[in-house]
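Chemist:
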């Protein structure tokens, strides 16, 4: 299950990304975010703060670690020149409250259904 989001890594700018929910075992979910960023190869495996802006204007936060970096060709002038994947290292939160797996799945399902209806 995945949904397009706007995301912020640490205190960086908002940029498009994709939130993927890989495993929905209560009470937590296994999640990852794929986006474009500057090269962070020296930070591979390091935890970073993530802020996710969902299509319904909800903001979720969490901690993730840099799991994968995929360099792009000839785009080194671009500030966000590499594709990065960050994997969640804890729960997603809304207003500092950890979200239960059932809540995460139900909210994303509702957003996907609404998007398909539009």
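Residue numbers (the working numbering): 17 to 134.
Note that beta-carbon positions come from the ideal geometry of N, C-alpha and C, so glycine has one too.
1. Mind checking residue 51: buried by the 16 CB within 10 Å criterion, or exposed?
2. Return yes when the Cβ of residue 98 is within less than 9 Å of the Cβ of residue 53, no when it is not.
3. To the nearest angstrom, how far is the alpha carbon of residue 21 from that of residue 68?
4. Less than 8 Å between C-beta atoms, sequence neighbours within five positions excluded: which residues of the same chain meet that for residue 10?
5. For a test of the three-state rule: what should DSSP assign to residue 45, helix, strand or coil?
6. In its own chain, which residues sit with a C-beta less than 7 Å from the C-beta of residue 106, not counting the 5 before and 5 after it?
7. Mind checking whether residue 128 and residue 17 have CB atoms under 9 Å apart?
8. Between residue 66 and residue 124, is the Cβ-Cβ spacing less than 9 Å?
9. What is the residue span of the alpha helix (DSSP H) that residue 125 lies within?
10. Starting from residue 33, trace the beta strand (DSSP E) both ways and give me its first and last residue.
11. Buried or exposed: where does residue 61 fall if 16 or more other Cβ atoms within 10 Å of its Cβ makes it buried?
Modeler: If we stick to the structure as given:
1. On the chain shown, residue 51 is found 35 positions in, with the first residue counted as 1. Within 10 angstroms of the beta-carbon of residue 51 lie 16 or more other beta-carbons, which makes it buried.
2. Looking up residue 53 in the chain shown gives position 37. Looking up residue 98 in the chain shown gives position 82. Against a cut-off of 9 Å, the Cβ pair of residue 98 and residue 53 comes out as a contact.
3. Position 5 of the chain shown holds residue 21. Position 52 of the chain shown holds residue 68. So the alpha carbons of these two residues sit roughly 6 Å apart.
4. Nothing about residue 10 can be reported from this structure: the residues present for the chain run from 17 to 134 only.
5. Walking along the chain shown from the start, residue 45 turns up at place 29. Correct three-state label for residue 45: coil.
6. In the chain shown, counting from the first residue as 1, residue 106 sits at position 90. Here the set comprises 78, 79.
7. For the purposes of this step, residue 128 is taken as the residue at position 112 of the chain shown. For the purposes of this step, residue 17 is taken as the residue at position 1 of the chain shown. Note that the C-beta distance between residue 128 and residue 17 is below 9 Å.
8. Start at 1 with the first residue of the chain shown, and residue 66 comes out as number 50. Start at 1 with the first residue of the chain shown, and residue 124 comes out as number 108. Taking the C-beta atoms as reference points, residue 124 is found no nearer than 9 Å to residue 66.
9. Here residue 125 refers to the residue found at position 109 when the chain shown is read from its first residue. Where residue 125 is concerned, the enclosing alpha helix (DSSP H) stretches over 117-133.
10. Here the question's residue 33 lines up with position 17 in the chain shown. Counting along the chain, the beta strand (DSSP E) containing residue 33 begins and ends at 31-39.
11. Walking along the chain shown from the start, residue 61 turns up at place 45. The residue in question, residue 61, is exposed, as its Cβ has fewer than 16 Cβ neighbours within 10 Å.
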